[in-house]
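Trainee: Numbering of the sequence shown is given in UniProt numbering, commencing with residue 1 and proceeding in unit increments. Beta carbons: idealized from backbone N, C-alpha and C, even for Gly. Keep in mind that this is a model prediction, so the values were computed, not measured.
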Amino acid sequence: MDKLLTNRYEIVNPLGSGGFGETFLARDTQLPSQSLVVVKRLKPINSDNHTAYDLIEKLFEKEAKVLEDLGRNSSQIPSLLSYFVHHDQFYLVQEYIEGKNLAQVGIIGSEQAIIILTSLLNTLKYIHNKNIIHRDIKPENIILRNSDHLPVLIDFGAVKETMGAATLGSGSIVSSVVVGTRGFMAPEQSSGRAVFSTDLYALGLTMIYAITGKLPIEMSIHPATGELEWESYAPNVEPRLRTVLSKVVKMEIASRYATAEEMNQALHISSTRFSTNFSNSQTLTFAPASPTPTVIIPSSSYSTSNSPTDSKSSFPWSKLILILLTAVVVALGVSASFLIMQQIKEAEQKLADSEKQKEDVQKALAEEEKKRQEAESLRAEAEKNRLAAERMRREAEKKAAAAPKTIVRRIIVNPSSGSSGGTYATIGGRPGTKNIRSGPGTDYGVVGTGLTGQPIEILGRDYDRSGYLWYQVYHPSSGITGWIAGQLVDL
Numbered sequence: 001m002d003k004l005l006t007n008r009y010e011i012v013n014p015l016g017s018g019g020f021g022e023t024f025l026a027r028d029t030q031l032p033s034q035s036l037v038v039v040k041r042l043k044p045i046n047s048d049n050h051t052a053y054d055l056i057e058k059l060f061e062k063e064a065k066v067l068e069d070l071g072r073n074s075s076q077i078p079s080l081l082s083y084f085v086h087h088d089q090f091y092l093v094q095e096y097i098e099g100k101n102l103a104q105v106g107i108i109g110s111e112q113a114i115i116i117l118t119s120l121l122n123t124l125k126y127i128h129n130k131n132i133i134h135r136d137i138k139p140e141n142i143i144l145r146n147s148d149h150l151p152v153l154i155d156f157g158a159v160k161e162t163m164g165a166a167t168l169g170s171g172s173i174v175s176s177v178v179v180g181t182r183g184f185m186a187p188e189q190s191s192g193r194a195v196f197s198t199d200l201y202a203l204g205l206t207m208i209y210a211i212t213g214k215l216p217i218e219m220s221i222h223p224a225t226g227e228l229e230w231e232s233y234a235p236n237v238e239p240r241l242r243t244v245l246s247k248v249v250k251m252e253i254a255s256r257y258a259t260a261e262e263m264n265q266a267l268h269i270s271s272t273r274f275s276t277n278f279s280n281s282q283t284l285t286f287a288p289a290s291p292t293p294t295v296i297i298p299s300s301s302y303s304t305s306n307s308p309t310d311s312k313s314s315f316p317w318s319k320l321i322l323i324l325l326t327a328v329v330v331a332l333g334v335s336a337s338f339l340i341m342q343q344i345k346e347a348e349q350k351l352a353d354s355e356k357q358k359e360d361v362q363k364a365l366a367e368e369e370k371k372r373q374e375a376e377s378l379r380a381e382a383e384k385n386r387l388a389a390e391r392m393r394r395e396a397e398k399k400a401a402a403a404p405k406t407i408v409r410r411i412i413v414n415p416s417s418g419s420s421g422g423t424y425a426t427i428g429g430r431p432g433t434k435n436i437r438s439g440p441g442t443d444y445g446v447v448g449t450g451l452t453g454q455p456i457e458i459l460g461r462d463y464d465r466s467g468y469l470w471y472q473v474y475h476p477s478s479g480i481t482g483w484i485a486g487q488l489v490d491l
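#1: How would you label Glu63, buried or exposed, when you count the other beta carbons within 10 angstroms and need 16 or more for buried?
#2: According to DSSP, is Leu102 part of a helix, a strand, or is it coil?
#3: Please determine if the segment 435 to 450 and the segment 480 to 490 are in contact, where contact requires at least 3 C-beta pairs separated by less than 8 angstroms.
#4: For a test of the three-state rule: what should DSSP assign to Arg27, helix, strand or coil?
#5: So Pro32 is in the beta strand (DSSP E); what residue range does that whole segment cover?
#6: Taking 8 angstroms as the limit between beta carbons, can you name the residues of its chain near Ala254, skipping five residues before and five after?
#7: Let me know the secondary structure DSSP gives Leu85 once reduced to three states.
#8: Just to confirm the assignment, what range does the beta strand (DSSP E) spanning Asp462 have?
#9: Tell me the residue span of the beta strand (DSSP E) that contains Asn13.
#10: If you measure between the beta carbons of Ile133 and Ile97, is that distance less than 9 angstroms?
#11: Are Leu70 and Tyr83 touching if we call contact CB-CB under 9 angstroms?
#12: Since Gln94 contacts Val37 with CB under 8 angstroms, what's their CB separation in whole angstroms?
#13: Pick helix, strand or coil for Glu187, following the three-state DSSP scheme.
#14: Hey, how far is the Cα of Gly21 from the Cα of Lys43?
#15: If you follow the beta strand (DSSP E) that Ile480 is in, where does it begin and where does it stop?
#16: Use the C-beta contact count for Glu355: other C-beta atoms within 10 angstroms, 16 or more gives buried, fewer gives exposed.
#17: Considering only DSSP beta bridges, list what Phe90 is partnered with.
#18: Residues in the same chain with beta-carbon distance under 7 angstroms from Arg8, minus the five sequence neighbours each way, listed in chain order, please.
#19: Classify Ile323: buried if its beta carbon has 16 or more other beta carbons within 10 angstroms, exposed otherwise.
#20: Which stretch, first to last residue, makes up the alpha helix (DSSP H) that contains Thr206?
#21: Enumerate in chain order the residues of its own chain whose CB-to-CB distance from Ile137 is below 8 angstroms, with the five nearest sequence positions on each side excluded.
#22: Can you name, in chain order, every residue of its own chain whose Cβ lies under 8 angstroms from the Cβ of Thr118, other than the five neighbours on each side?
#23: Is Lys434 helix, strand or coil by DSSP?
#24: Taking DSSP as the reference, what is the three-state secondary structure of Gln265?
#25: If distances are taken between C-alpha atoms only, which option among Val447, Asp2 and Leu80 comes closest to His87?
#26: For the putative contact between Ser197 and Ala258, defined by C-beta atoms under 8 angstroms, what is the C-beta separation to the nearest angstrom?
#27: Go ahead and pull the three-state DSSP assignment for Asp490.
#28: Let me know the secondary structure DSSP gives His128 once reduced to three states.
#29: Counting Cβ pairs, one atom from each stretch, are 3 or more of them under 8 angstroms apart for the segment 384 to 403 and the segment 232 to 242?
#30: Are the CB atoms of Ala194 and Arg135 nearer to each other than 9 angstroms?
#31: State yes or no: is the beta carbon of Lys138 nearer than 9 angstroms to at least one beta carbon in chain C?
#32: If you draw a straight line from the alpha carbon of Gln487 to that of Asn129, how long is it in whole angstroms?
#33: In whole angstroms, what separates the C-alpha of Arg242 from that of Leu67?
#34: Quick one: grab the DSSP three-state call for Leu351.
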């Protein structure tokens with residue numbers, strides 16, 4: 001590998017390697033600070049196939065732009081600094097994050113785990129809102145940044161998935177590789193059907209690793225359900241965290257949290273507590289069986305004269321004040337009770353609304369899964385019918401080949417090879433190489449090839465046994481005269 005890429009990035013040392021390529025620490029020599037960057041080199045699986053390579057290049061550029069947008073708008077995703085193609089290999093240049101990943105920091109406590117998990121759920125909420133799935137969350141891909149101790153999510157799987165891209169005969173684009181890490185990859189991901197909760201599943205297993213120090217493959221599973229039995233490895237974990245993690249690592253998609261927001265709410269939900277404090281100078285006691293509440297007033301608050309003259313001639317103001325004070329306190333108590341009950345009802349209503357929203361989301365997911373299965377069934381049926389039609393076509397061709405051949409030539413124009421005066425056209429169809437045959441039909445041998453977009457001269461036309469139009473052409477680029485199927489000629 002070149003030590004200096006694009007005359008700018010100087011390789012310092014390798015950071016790691018995997019099935020999709022290698023990662024290097026490099027120095028940006030064109031900046032005054034000579035700052036460090038991360039260079040990822042990705043190698044396409046189908047690099048020998050020209051058509052597949054062109055497709056991979058387009059998809060790589062698309063995913064690189066997605067990474068650029070994500071890093072630009074989130075401080076917890078590395079910024080994409082550059083991307084380029086060099087010697088048929090694809091390169092990403094990203095911000096270097098100084099810190100340790102979760103596989104390096106050791107076992108953490110519940111409190112720190114909740115802080116990290118909350119931060120990552122907010123990051124995933126942002127990513128999922130852009131309809132993007134990370135696909136490869138694991139301890140090594142979460143770095144606790146030295147500068148602020150925030151978790152940074154690195155190494156998105158979508159760009160690696162493009163390295164195995166290919167086009168099916170139907171025109172659909174698929175990847176021949178499955179991105180993910182054994183032990184942290186959700187069951188549905190292995191079949192190429194990742195959803196948002198696929199990331200949440202991997203994040204849950206990552207946090208279980210962080211609080212236990214055990215990889216998922218080191219833990220036992222329930223023999224009947226296949227669920228991971230991890231709780232015994234972390235007996236002192238905070239109950240709230242245990243509940244959330246146990247739910248998010250369920251095997252079935254419908255049993256997990258559907259979104260990062262829902263998981264975050266479950267992590268931080270707590271019982272609403274209400275209390276009413278009164279001043280130490282007075283105590284209010286309610287006795288249900290007693291017709292009159294008892295009020296205790298400190299002696300320093302009020303005083304009455306005990307002289308005989310006052311007791312005979314004065315109105316009993318102390319009793320009136322006591323009655324009024326009692327009424328005020330009772331009114332305050334009733335008002336406070338009303339407000340508390342109102343708040344309790346509002347809290348209960350919010351909880352009910354949250355549960356209903358959760359049920360609606362789960363119902364929508366179930367409906368979506370049902371539609372997906374129906375669509376998959378229709379696709380399978382269509383493929384079955386296509387194969388049957390293909391089989392019938394081949395049988396018909398065999399019968400036709402076995403029958404006596406009578407070829408009727410209907411040449412409309414047939415000047416000599418390479419002569420001028422014909423109609424000029426170009427080779428059409430999908431980008432790539434097109435066959436030029438010795439006669440009008442696929443039964444004839446290939447005498448040469450041409451590329452889409454190259455000019456040709458029409459010398460004549462004819463039909464094959466199946467009634468399909470073929471053109472006799474002169475191909476200036478190769479000097480070959482032959483026949484090309486009519487659908488591959490742009491007049």
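Mentor: Quick look at the numbers:
#1: buried
#2: coil
#3: yes
#4: strand
#5: It is not in any beta strand (DSSP E) - Pro32 carries neither H nor E in the DSSP assignment.
#6: Gln362, Leu365, Ala366 and Glu369
#7: Checking the displayed sequence, the identity of residue 85 turns out to be Val instead of Leu. Strand, per DSSP.
#8: Pro455 to Tyr463
#9: Tyr9 to Gly18
#10: no
#11: no
#12: 7 angstroms
#13: For the record, residue 187 in the displayed sequence is Pro; it is not Glu. Three-state result, Pro187: helix.
#14: 6 angstroms
#15: Ile480 to Ala485
#16: exposed
#17: Leu42 and Val85
#18: Asp28, Thr29 and Gln30
#19: exposed
#20: Phe196 to Thr212
#21: Leu153, Phe184, Asp199, Ala202, Leu203 and Thr206
#22: Asn264, Leu267 and His268
#23: strand
#24: helix
#25: Asp2
#26: 6 angstroms
#27: strand
#28: helix
#29: no
#30: yes
#31: The structure shown contains no chain C, having only a single protein chain.
#32: 43 angstroms
#33: 33 angstroms
#34: helix
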